[in-house]
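Trainee: What follows is a structure written as structure tokens; I'll ask about it next.
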Amino acid sequence: MTILETITAYKHKEVAAKKNAFPISLLEQAPLFDRTPNSLATALRNSHTGIIAEHKRRSPSKSLINASSEVQDVASGYETAGVSGMSVLTDTKFFGGSLDDLLVARDAVKFPLLRKEFIVDPYQIFEAKAYGADAILLIAACLSNYQLKEFSEIAKQLSLDVLLEVHSKEELDRSLLPSVDMLGVNNRNLKTFEVSIEMSKTLAVDIPNDFVKVSESGISSVETIKELKPYGFQGFLIGENFMKTTHPGKSASEFIKKLKA
Ligand SMILES: O=C(O)c1ccccc1NCC(=O)[C@H](O)[C@H](O)COP(=O)(O)O
């Protein structure tokens, strides 16, 4: 079994249990459910730097990244640094995150928040809205063509932006949907955990300009961003590079200053 298969099998069980305990009708009554989201795609289009900074405690590829940082400090630090948005990992078992992290970040900042999750069921999209997300991630490798269309359309009905992640030409070809705002190329191979920004460069040419192009994973230098910009990328998702430091916000701030210089 690949890590993605392991994670998605776990997610199906997790969602089934949650649906029984807390149905969608209750999620719809959450105070944040009626909040008008801020568009992450618009923030990226209007930005010269386009950094989406992630809150990530641990991961299957690196195990522990940061055990001590508080999500509200990280979120406020990222806001002060001038990032375009923040990705909040809400998976607990594999990444040490939670939906409470999303709520805490929502309370701390106004900028767009992406719910970073392995979405296998529409229930999780309603959850994202109820916990204050502005955008959701869909991963093409986890979903059928029918699900990509259905899930992205549900997100748009809830006024959430959709970042759809691909890692091959085949995945990209079935992801070019009008209900998708941003196309993310994951530089990390989720079978081997190998990282190569060549993946972003290779797939960029086949992404039409009506999608905001986002390069994800393994970005640790300003030079990499300068290398990717000519390929049309307007968003850069960075996790470990900031989170491995004692002050992720400060680290993001120095990174952005260098990028602007
Ligand atoms: O990061 C992992 O090890 C990982 C393993 C399996 C599935 C997904 C994984 N990462 C999720 C992400 O998308 C990254 O956290 C995100 O792109 C940031 O990557 P990085 O800057 O390399 O931390």
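For the sequence shown, counting from 1, position 179 maps to 179 in full-length UniProt numbering; every step adds exactly one.
Note that CB positions come from ideal geometry on N, CA and C, so glycine has one too.
#1: Please list the terminal residues of the continuous alpha helix (DSSP H) segment that includes Asn182.
#2: Hey, could you find the ends of the beta strand (DSSP E) His167 is sitting in?
#3: Give a yes or no on whether the C-beta atoms belonging to Leu190 and Ile3 are separated by under 9 Å.
#4: Helix, strand or coil for Arg58? Go by DSSP, reduced to three states.
#5: Distance, Cα to Cα, Ile7 vs Lys110?
#6: I'd like the list of long-range same chain contacts for Asn187, defined as Cβ closer than 7 Å, with 5 residues on each side in sequence excluded.
#7: Quick check: what's the CA-CA separation for Thr42 versus Lys156?
#8: According to DSSP, what are the bridge partners of Phe236?
#9: Going by the C-beta, is Ile3 closer than 8 Å to any heavy atom of ligand 1?
#10: Is the Cβ-Cβ distance between Asp91 and Lys116 less than 9 Å?
#11: Do Arg174 and ligand 1 come close, with the Cβ less than 8 Å from some heavy atom?
#12: Spatial neighbours of Ile139 within its chain, please: CB distance less than 6 Å, with the 5 preceding and 5 following residues excluded, ordered by chain position.
#13: Roughly how many whole angstroms lie between the Cα atoms of Asp134 and Asp73?
#14: Residues bridged to Leu89 by DSSP?
#15: Considering only DSSP beta bridges, list what Ala155 is partnered with.
#16: Closer than 8 Å to a non-hydrogen atom of ligand 1 - does that hold for the CB of Phe33?
#17: From Glu79 to Gly97, what distance separates their C-alpha atoms?
#18: Would you say the stretch 224-238 touches the stretch 44-54, given that touching needs at least three Cβ pairs under 8 Å?
#19: Measure the beta-carbon distance from Phe118 to Arg58 and round it to whole angstroms, keeping in mind my assumption that it falls under 8 Å.
#20: Please list, in chain order, all residues of the same chain as Ala81 whose beta carbon is under 6 Å from its beta carbon, the five residues on each side excluded.
#21: So the candidates are Val120, Ile136, Tyr131 and Asp206; which of them puts its Cα closest to the Cα of Ser168?
#22: Going by other Cβ atoms of all chains shown within 10 Å of its Cβ, with 16 needed for buried, is Met1 buried or exposed?
#23: Is Leu176 near Phe211, with beta carbons less than 9 Å apart?
#24: Might you give, ordered along the chain, the residues of its own chain that have their beta carbon closer than 7 Å to the beta carbon of Leu259, omitting 5 neighbours on each side?
#25: At a cut-off of 8 Å, would you count Met182 as near ligand 1, judging by its Cβ distance to the nearest heavy atom?
Mentor: A quick look at the data gives this:
#1: Position 182 of the sequence shown, counted from the first residue, corresponds to residue 182. The identity of residue 182 in the sequence shown is Met, whereas the question assumes Asn. Not the alpha helix (DSSP H): Met182 falls in the beta strand (DSSP E), residues Met182 to Asn186.
#2: If you number the sequence shown from 1, residue 167 lands on position 167. First-last for His167: undefined, no H or E at that position.
#3: The sequence position of residue 190 within the sequence shown is 190, counting from 1. The sequence position of residue 3 within the sequence shown is 3, counting from 1. Yes, they are a contact pair.
#4: Sequence index remark: in the sequence shown, residue 58 carries index 58 (1-based). Residue state, collapsed to three classes: strand.
#5: For the purposes of this step, residue 7 is identified with residue 7 of the sequence shown, where counting begins at 1. For the purposes of this step, residue 110 is identified with residue 110 of the sequence shown, where counting begins at 1. Distance between the alpha carbons of Ile7 and Lys110: 30 Å.
#6: As a position in the sequence shown, residue 187 is number 187, starting the count at 1. Around Asn187: Val195, Ser196, Ile197, Met199, Ser200, Ser215, Glu216, Ser217 and Gly218.
#7: Taking the sequence shown and counting its residues from 1, the one referred to as residue 42 is at position 42. Taking the sequence shown and counting its residues from 1, the one referred to as residue 156 is at position 156. A straight-line Cα-Cα distance of about 14 Å links Thr42 and Lys156.
#8: Sequence index remark: in the sequence shown, residue 236 carries index 236 (1-based). Answer by DSSP bridge pairing, in chain order: Ile51 and Ser215.
#9: Translated into positions along the sequence shown, residue 3 becomes position 3. Because some heavy atom of ligand 1 lies under 8 Å away, the Cβ of Ile3 counts as near it: yes.
#10: To locate residue 91, count along the sequence shown from 1; it is residue 91. To locate residue 116, count along the sequence shown from 1; it is residue 116. For the pair Asp91 and Lys116, the CB atoms are nearer than the 9 Å cut-off.
#11: Taking the sequence shown and counting its residues from 1, the one referred to as residue 174 is at position 174. Not under cutoff, so the answer is no.
#12: For the purposes of this step, residue 139 is taken as residue 139 along the sequence shown, with counting starting at 1. Glu165.
#13: Locating residue 134 in the sequence shown gives position 134, counting from the first residue. Locating residue 73 in the sequence shown gives position 73, counting from the first residue. When rounded, the separation of the alpha-carbon atoms in Asp134 and Asp73 is 20 Å.
#14: Reading the sequence shown from its first residue, position 89 is the one you call residue 89. Per DSSP, the beta-bridge partners of Leu89 are Lys116.
#15: Within the sequence shown, the letter at position 155 stands for residue 155. Listed as beta-bridge partners of Ala155 by DSSP are no residues whatsoever.
#16: Walking along the sequence shown from the start, residue 33 turns up at place 33. Set against 8 Å, the gap from the CB of Phe33 to the closest heavy atom of ligand 1 is not smaller.
#17: Indexing the sequence shown from 1 puts residue 79 at position 79. Indexing the sequence shown from 1 puts residue 97 at position 97. Roughly 20 Å separates the two Cα atoms.
#18: Judged by pairs of C-beta atoms under 8 Å, the stretch 224-238 touches the stretch 44-54, as three or more such pairs exist.
#19: Residue 118 sits at position 118 when you count from the first residue of the sequence shown. Residue 58 sits at position 58 when you count from the first residue of the sequence shown. Incorrect: roughly 15 Å between the Cβ atoms, too far for contact.
#20: Taking the sequence shown and counting its residues from 1, one reaches residue 81 at position 81. Hits under 6 Å: Gly249, Ala252, Ser253 and Ile256.
#21: Here the question's residue 168 lines up with position 168 in the sequence shown. The shortest C-alpha to C-alpha distance from Ser168 to any of Val120, Ile136, Tyr131 and Asp206 is the one to Asp206.
#22: Position 1 of the sequence shown, counted from the first residue, corresponds to residue 1. So Met1 ends up on the exposed side.
#23: As a working mapping, residue 176 is identified with position 176 in the sequence shown. As a working mapping, residue 211 is identified with position 211 in the sequence shown. Cβ distance < 9 Å, so Leu176 and Phe211 count as in contact.
#24: In the sequence shown, residue 259 corresponds to position 259, counting from 1. Cβ contact annotation for Leu259 (same chain, cutoff 7 Å, sequence separation greater than five): Thr49, Val222 and Ile225, in chain order.
#25: Walking along the sequence shown from the start, residue 182 turns up at place 182. Met182 has its CB no nearer than 8 Å to any heavy atom of ligand 1.
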